[in-house]
């Protein structure tokens, strides 16, 4: 029997009902009902038309029946009863014998040993329909038909397990004499194990009978049975269609036998399973047997025959036709012209779908409209259609395959910043007629089940795949896809963490080894689903040396650092941090000792998400501010609590757009401070926020890369937070963000798992004037080149003298700028956004130089993401 599938995904089930009905008899009028119930108030003399005064016996009811009468049987009231039916109905008004609503009546002789007396005998009767009753008793005979016509049996059962019938007390159904047009459909018949005889016997002289849609189990556990399940001896023009016959035990009989001139018989869509065990003595018979006298006009096709490969005394041949046996379909068809669509196969394979599915002939004579369960033909989209008729996907045997959904499960994966691959992760249908992928941006690909697509802009898209199956039916599945490439949205600056006051985390110093789980998405107006956050990290009040690592929550702690701090002095650094799926980032304090603790501050200046916003344009570092010589502002130190307005100007030589600027990437340096202080960068025209970007120290040069939202007037403000000291400020522009898109120049940001890509401590320290080349590809990160700008945190440590580090694209001239300045003994970190250069022989495309140095220094580079072309 075909197995069944179910699914909670998108479903497609195509059900057919356009097949032949098992009976052409009309329904009786409801007012012609007579009742049978053995209980108080019953009488065999009354009309039986009142449910409160029914007939006591089935015999009395059928004796009183006339055309159009319905005899309704109550459950458990007709046991130990048999009846002979001689009355007749008409084609328009048949006599009907059926259960009372909700009942399952059992008929047959219970007491005594009546031998071969059937439960029902039809003698000279015509147009009688029997439905929904069960045989039970000491006989295996349900009905014997003699000289009758148009007797229909539907949904009949044999409840042999409840009784002890006599061994081989007769066939379940016997059609004898000059009977014709007897129909047995959709019935479940299991013969007793004491020694099964024939189930359906069609005797000589009968014609036009239909045996269709029945489940028959026949066999023996006590001795060897040799009787076939269905035997026609001289019966003509019989239709044996869509039955499942299963034999068990040491049984040696055939499933179907045509003999003694049973010509004109059609045998189609049947599942015929031979014996499962050894045949006790004698030669095993063929699964299907047609003798030479029955060949004329007989047809066998679309059947499945199977004899399990057990240790048999003799091998079951599949066919015996005209006295010759055949074991294969090919040999059978070649010799007889029959069975060209037959299968000799296991109907229930351990792997894969049953070969019975989608392979029957729905136009076969006698094909029932519905199966044992009342289901019509149902299409399994995962199995090729090999049947015939309309539809061509019915199932062979008594049970139609049901609940076979075609499922589309769309899966997507990013291939690069804006490139996606989509594919159907569900089982593909058999013989698909086409796949169509709607990428959600107005573009559609008609191709195979997998395709790639390049989006013009980053974003969150709904990808829909539509599959057309072999019937031309369509079904779709959808999923959301977010490009790896993300746009920048300026924000703030806004302070979201300050452990000194309890903002964003518990109030108090962060101990060594402790992690702050900092909520980013959902803070203020920052939305969910962002890819990375840009924030300025500041460490203050450190009790010793240490460093801070920032990384996405939910991921393993990476071997990277963002900020190095010392005792007491505040230090700041910009950080691009990938955000965890839960909207959090983690900040790990790694102190030089277990007692080292520190306060942490985080000021957000923007975030990256798939929402279309601002693209990044990388620039060669260009100085736009130097208060020492009057570049970009007056030639003068910035006074205590003083501010300067800096106009963001894009070099005229750049092809990048000069409009739509929303934020700018600046490398800001504070020099010659007369007192300790801090610098805050923020959009001009807005109230100065509670935030800072770098902390300057008297007499030292301190720098930091900052991403600053730009005011509506195209300016940013730089504020000197020292109450007593003045300071010179320098700013180099390294890139900017704009809502104006220029193809071939605009880039999007791709956050990656933070990883270390250079560390001279594992090789040799940088000496004065020496260089280090590297390519920011670390761990499992794979980044494209060229047209890439890397976001890298640069760190120096163990400096034996003062100096500065400059990093730039390999193969290009050394710029007249620096990325970080260090003093002897310092550990200093600074974020850099560096374009990729030409790739050297070692596969590196970024170069860093230790210039103006009075000693050696160790150099470290950690990558957090990259920009790539849209």
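Numbering (mature numbering (1 follows the signal peptide of the UniProt record, and there is no 0)), first residue to last: -26 to -1, 1 to 844.
Just so it is clear, CB atoms sit at the ideal spot from N, CA and C, and this is done for glycine as well.
| query | result |
| --- | --- |
| On the CB-based measure, 16 or more other CB atoms within 10 Å of its CB, does residue 626 come out buried or exposed? | exposed |
| For the ligand FMN, any of its heavy atoms closer than 6 Å to the Cβ of residue 265? | In the structure shown, the ligand FMN is absent, as is every other ligand, since no ligand is present at all. |
| Using DSSP's beta-bridge definition, name the partner residues of residue 591. | 710 |
| Which one of 693, 321 and 670 has the shortest CA to CA distance from residue 661? | 693 |
| Kindly list the residues whose CB is nearer than 7 Å to the CB of residue 814, restricted to its own chain and excluding five residues on each side of it in sequence; keep chain order. | 747 and 784 |
| Flag this pair as touching only if the segment 524 to 543 and the segment 462 to 480 have three or more C-beta atom pairs under 8 Å; answer yes or no. | no |
| Roughly how many whole angstroms lie between the Cα atoms of residue 389 and residue 806? | 26 Å |
| Leaving out five residues before and five after residue 414 in sequence, what residues of the same chain have Cβ atoms less than 8 Å from its Cβ? | 435, 436, 437, 438 and 455 |
| DSSP three-state label for residue 373, please. | coil |
| So, does the segment 566 to 585 touch the segment 641 to 651, judging by three or more C-beta pairs under 8 Å? | no |
| Check each candidate in 552, 535 and 698 and name the one with the smallest Cα separation from residue 613. | 698 |
| Assess contact between the segment 536 to 549 and the segment 516 to 523, defined as three or more Cβ pairs (one per stretch) separated by less than 8 Å. Is contact present? | yes |
| At what residue ranges does the segment 423 to 447 contain a whole run of the beta strand (DSSP E), taking only runs of 3 or more? | 424 to 428 and 434 to 442 |
| Are the beta-carbon atoms belonging to residue 403 and residue 354 less than 7 Å from one another? | no |
| Span of the beta strand (DSSP E) holding residue 192? | 189 to 193 |
| What three-state label does DSSP hand residue 19 in the structure shown? | coil |
| If you draw a straight line from the C-alpha of residue 727 to the C-alpha of residue 841, how long is it? | 14 Å |
| When you compare the CB positions of residue 93 and residue 62, do they come within less than 7 Å of one another, or not? | no |
| Does the Cβ of residue 342 have 16 or more other Cβ atoms within 10 Å, making it buried, or fewer, making it exposed? | buried |
| Run through DSSP, which three-state label would residue 773 get? | coil |
| If you follow the beta strand (DSSP E) that residue 578 is in, where does it begin and where does it stop? | 571 to 583 |
| According to DSSP, simplified to helix, strand and coil, what is residue 32? | helix |
| Count the other C-beta atoms from every protein chain shown that fall within 10 angstroms of the C-beta of residue 623, then say buried if there are 16 or more, exposed otherwise. | exposed |
| With a cut-off of 8 Å, do at least 3 Cβ pairs link the segment 710 to 719 to the segment 811 to 825? | no |
| Using alpha carbons as the reference points, say which of 273, 38, 484 and 486 lies closest to residue 7. | 38 |
| Secondary structure at residue 305, three-state DSSP: helix, strand or coil? | helix |
| For residue 846, report the span of its beta strand (DSSP E) as first-last. | Because the chain spans -26 through 844 in this model, residue 846 falls outside it and cannot be assessed. |
| Which residues in the same chain as residue 313 place their Cβ atom closer than 6 Å to its Cβ, once the five residues preceding and following it in sequence are excluded? | 274, 275, 303, 306 and 307 |
| On the DSSP letters alone, give me the boundaries of the beta strand (DSSP E) that residue 493 sits inside. | 489 to 493 |
| Out of 797, 425, 796 and 781, state which residue places its alpha-carbon closest to the alpha-carbon of residue 790. | 781 |
| Check each candidate in 619, 774, 407 and 381 and name the one with the smallest Cα separation from residue 449. | 381 |
| Sorted by chain position, which residues of the same chain lie with C-beta nearer than 6 Å to residue 470's C-beta, five sequence neighbours on each side aside? | 478, 497, 576 and 578 |
| From the DSSP secondary-structure annotation, give me the bridge partner or partners of residue 201. | Paired residues: none, contrary to the question. |
| For residue 494, which of 486, 465 and 173 has the nearest alpha-carbon? | 465 |
| Using the Cα positions of residue 427 and residue 844, report the straight-line distance between them to the nearest angstrom. | 13 Å |
| Beta strand (DSSP E) containing residue 829: first to last residue? | Segment: none, residue 829 is in no beta strand (DSSP E) and carries neither H nor E. |
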